[in-house]
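Before any comments, here is the structure.
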Amino acid sequence: MTRRPVDLTQMINDRIRDVPDYPKPGVMFKDITPLLADHTAFAAVVDAIVAYYGRGTIDKVAGIEARGFILAAPVAYHFGAGFVPIRKQGKLPAATYAENYDLEYGSETIEVHKDAFAPGEQVLIVDDVLATGGTAKATAALIGRTGAEVAGISVLMELGFLGGRDRLSDLDVHALVTV
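Residue numbers (the UniProt record's numbering): 1 to 179.
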């Protein structure tokens, strides 16, 4: 019996649940918890991100709160890189840089520790969804303020109809699936 290759795009799409009107009316939330619960799919996603950038090219992986943490930590492990959390305002205990941004249903402020990155380090930003690009752009700005360099942005899913990639035209944006 011959095993058929697994279509990563189909695997991802089959394991992402749409939740209408969450967190606000009119928003179609992309719930990744079914994908995370499937060991094969979760491993395939992590492996695909690592394969795209290649081992030995990334010094730190920045995961955006909160679902980005889940994907970024195993990616960092496979790169042999450090993991840095990008948190909502007021969640980090030491001196931080802060960046405000707009998203499709409001505005937020994110922070990173001032000493999280060394100048010249190559940093990969990882998150679950790229929507309007506000969070990713703010994260890239935070990283830039430390003197580190953004090697790219990798997301599980890009909501192409929201145009987030256009706000990040100066960066390498890698999406495993686009809807």
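Backbone N, C-alpha and C define an ideal beta-carbon position, used for all residues, glycine too.
Through-space distance from residue j to residue i, alpha-carbon basis
i, j, result
"Ile12", "Ser169", "25 Å"
"Ala48", "Lys24", "32 Å"
"residue 182", "His78", "The question about residue 182 has no answer here: the residues shown for the chain are numbered 1 through 179."
"Phe83", "Gly26", "34 Å"
"Asp18", "Phe29", "6 Å"
"Val46", "Gln122", "18 Å"
"Pro74", "Ala81", "10 Å"
"Asp31", "Asp7", "20 Å"
"Phe42", "Ile153", "18 Å"
"Ala44", "Ala76", "15 Å"
"Thr146", "Tyr101", "18 Å"
Assigned exposure category for residue i - 16 Cβ within 10 Å defines buried
i, result
"Ile67", "What sits at residue 67 in the sequence shown is Arg, not Ile. Buried is the call here."
"Ala95", "exposed"
"Phe117", "buried"
"Ala37", "exposed"
"Asp166", "exposed"
"Asp127", "buried"
"Thr135", "buried"
"residue 201", "Lying before the first or after the last residue shown, residue 201 is absent from the chain, which here runs from 1 to 179."
"Lys91", "exposed"
"Asp172", "exposed"
"Lys60", "buried"
"Tyr53", "buried"
"Arg55", "exposed"
"Ala62", "buried"
"Lys137", "buried"
Per DSSP, the bridge partner or partners of residue i
i, result
"Val27", "Answer is none; Val27 lacks a bridge partner."
"Val129", "Met157"
"Asp18", "Lys30"
"Val173", "Ile153"
"Thr178", "Glu158"
Distance between beta carbons of residue j and residue i, contact taken as under 8 Å
i, j, result
"Ala98", "Leu124", "That pair is no contact at about 21 Å."
"Ala140", "Gly164", "No, Ala140 and Gly164 are not in contact; Cβ-Cβ is about 12 Å, not under 8 Å."
"Ile64", "Leu142", "The Cβ separation is near 10 Å, so there is no contact."
"Leu159", "Val179", "6 Å"
Legend entry - Whole alpha helix (DSSP H) elements within the UniProt domain "Phosphoribosyltransferase" (42 to 158), 4-residue minimum: 67 to 79, 134 to 145
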